[in-house]
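Visitor: FYI, my numbering numbers position 38 of the sequence shown as 41, with every residue one higher than the one before it. Where is the CB? At the ideal position from N, CA and C, for every residue including glycine.
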Amino acid sequence: MSLHVIVIGAGVVGASTALSLAERGLTVTVLDRQPQAAAETSHANGGGITPGHAEPWNAPGIIQRLLTRSGTGEPFRIHAHALPGLIGWGINFLWQSKASRYYLNAQNNTRLAVYSGQCLKRLRERHQLSYHQYTDGSLELYFSQSELDHALDLRRMIGDPRVEIRVIDADEVVAMEPALEPVAGRLAGAMFLPLHESGDACVFSAEMLRCAKQLGTEIRLGANVERIERHQGRVIGVRLQDKQLLEADAVIVAAGCGSPALVKPLGLKLPIYPVKGYSATLELEQAELAPTIPLLDLEHRIVTARFGNRLRMAGLADFDGYNRTIRSDRIQVLLDSACALLPRLADEIRAGRAESWAGLRPMTPRGTPLLGPTRIPGLYLNAGHGSMGWTQAAGSAEVLADILTDRSPAIELGPFAA
Ligand SMILES: Cc1cc2nc3c(=O)[nH]c(=O)nc-3n(C[C@H](O)[C@H](O)[C@H](O)COP(=O)(O)OP(=O)(O)OC[C@H]3O[C@@H](n4cnc5c(N)ncnc54)[C@H](O)[C@@H]3O)c2cc1C
């Protein structure tokens, strides 16, 4: 009999984990409280797979950036009601911004992200996957020379030789992405990262589950896990809200921002804070005016990605607790930024047709996810991927599958220990 593993969470991390486990011949059950897969943070994210941009957000100087760029019309917003719940996590987040710690965290995150990109390519070789994927790189746009120089210094410090970066000028940017012609005059330059990809993470998650199901995985949506059950110190399964007990040899918590609440009764305190972000997805009427290549605009801190005839615009970071409200003033900030970047599409973007969404990034103070076994036998974590969940999903899934099949993971687990 093969090991029976329950995966809690059918977001991009849990769905990828389920497929990796099923491919190793394990018996897998995926549980999610939502009626559909990827209905929470993986639903409408920025769509970027960006191993060359996997550094945490708390770079040295974060305090100054938070002070100067926080507020209603800014990329960051700290809501007063959230402050009490932020204290412990926030102090740790700022502490991790010390250069030595930050570069270490950035290197660890990049290593996992690059590995994950390799795993994703291999997944595409093994399975016929269709999720509006774009696999020809991305552009990081800089409107100030000092920001570009600073970003290049940062990349040198992180220094993963597998991440190719080409610095290009405004003419080359326009040749690569004609939709940027109207802003070319303001551009200081850009980085082209051929390793980067994009796609629809929600569709991808469904694809992972489809493939896992073909390999025998049981998928139970609308299954809210009330608690993780133990017997004589060892995890024996989970109790659903309807009181049903589902037994298993191992339980993997891949529940995004829901993870801390699930493991708290077992005495584990996960340093995961929900950092809210927004997206707007526009069904294009003038598709020829929209960018095809995924973009990251460092001035406005927004990303765009193209899924067929739809354009996704995403960004912002709100410290708003677990409040998932889609605040119209914040959506407006996102749309204004998108209009500034893509003026030819401004009328379409402002027409009010874009579908608004907000999601909670499961963020740790280090910016690195929590992977692997816990001190409770039978309990494993694959959570806390913050702003990099899709970028790191395929690799994190393989790491968990390695551990559960007694193989050495390709990534050293120490930096990701809970
Ligand atoms: C605006 C925005 C833009 C982003 N852009 C990018 C990007 O471009 N690239 C990138 O790599 N990442 C991006 N991210 C981050 C990425 O979306 C997340 O890291 C990722 O979605 C986290 O995936 P997850 O599976 O861990 O969590 P989730 O997708 O939230 O999945 C967790 C699942 O667990 C389930 N669950 C929770 N508790 C329970 C319970 N008790 N019982 C049963 N089920 C439970 C939930 O229903 C949920 O479906 C972005 C995030 C945001 C908000």
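Could you check if residue 281 is buried or exposed, using at least 16 other CB atoms within 10 Å of its CB as the buried criterion?
Guide: Its Cβ being crowded by 16 or more others within 10 Å, residue 281 is buried.
Visitor: Answer yes or no: the CB of residue 335 versus the heavy atoms of ligand 1, is any distance below 7 Å?
Guide: Answer for residue 335: no, Cβ out of range of ligand 1.
Visitor: Could you have a look at residue 45 and say whether DSSP puts it in helix, strand or coil?
Guide: The answer is coil: DSSP assigns residue 45 none of H, G, I, E or B.
Visitor: CA-CA distance, residue 187 and residue 265?
Guide: Those two C-alpha atoms are separated by around 49 Å.
Visitor: Going by the CB atoms, is the gap between residue 352 and residue 285 shorter than 8 Å?
Guide: In contact: residue 285 and residue 352 (Cβ atoms closer than 8 Å).
Visitor: Check whether the stretch 325-342 touches the stretch 171-179, taking contact to mean three or more Cβ pairs, one atom from each stretch, closer than 8 Å.
Guide: These segments do not touch.
Visitor: Would you give the residue range spanned by the beta strand (DSSP E) that residue 391 belongs to?
Guide: From DSSP, residue 391 is part of no beta strand (DSSP E); its letter is neither H nor E.
Visitor: Run through DSSP, which three-state label would residue 104 get?
Guide: Note: residue 104 maps to helix in three-state DSSP.
Visitor: Is any heavy atom in ligand 1 found nearer than 7 Å to the beta carbon of residue 370?
Guide: Outside the cutoff, so no.
Visitor: Could you pull out every residue in the same chain whose Cβ sits closer than 8 Å to the Cβ of residue 399, ignoring the five residues on either side in sequence?
Guide: Same-chain partners within the cutoff: 16, 19, 20, 115, 119, 372, 374, 385 and 388.
Visitor: On the DSSP bridge assignment, give the partners of residue 373 in chain order.
Guide: Looking at the DSSP assignment, residue 373 forms a beta bridge with 386.
Visitor: Entirely within the stretch 164-204 and at least 4 residues each: give me those alpha helix (DSSP H) ranges in chain order.
Guide: Within the stretch 164-204, the complete alpha helix (DSSP H) runs of at least 4 residues are 173-179.
Visitor: With residue 233 and residue 242 assumed to form a contact (beta carbons below 8 Å), what rounded beta-carbon distance in angstroms separates them?
Guide: Residue 233 to residue 242, Cβ: 11 Å. No contact.
Visitor: Can you find a heavy atom of ligand 1 that lies under 7 Å from the Cβ of residue 53?
Guide: Yes; taking the cut-off as 7 Å, the Cβ of residue 53 has a heavy atom of ligand 1 nearer than that.
Visitor: Taking the Cβ atom as the reference point for each residue, do residue 357 and residue 283 lie within a distance shorter than 8 Å?
Guide: Contact: yes.
Visitor: Between which two residues does the alpha helix (DSSP H) containing residue 242 stretch?
Guide: Looking at the DSSP string, residue 242 is not in any alpha helix (DSSP H); the run it does join, the beta strand (DSSP E), is 237-243.
Visitor: Please go through the same chain and pick out, in chain order, the residues whose beta-carbon is closer than 7 Å to the beta-carbon of residue 244, but skip the five residues on each side of it.
Guide: Closer than 7 Å at the Cβ level, and outside the excluded window around residue 244, lie 227 and 229.
Visitor: DSSP has residue 143 in a bridge; who is on the other side?
Guide: DSSP, once it has assigned bridges, lists 194 and 299 as partnering residue 143.
Visitor: So does the stretch 48-68 actually touch the stretch 94-106, counting three or more Cβ pairs closer than 8 Å?
Guide: Touching, yes.
Visitor: Is the beta carbon of residue 190 closer than 8 Å to that of residue 146?
Guide: Yes, these two residues count as a Cβ contact at 8 Å.
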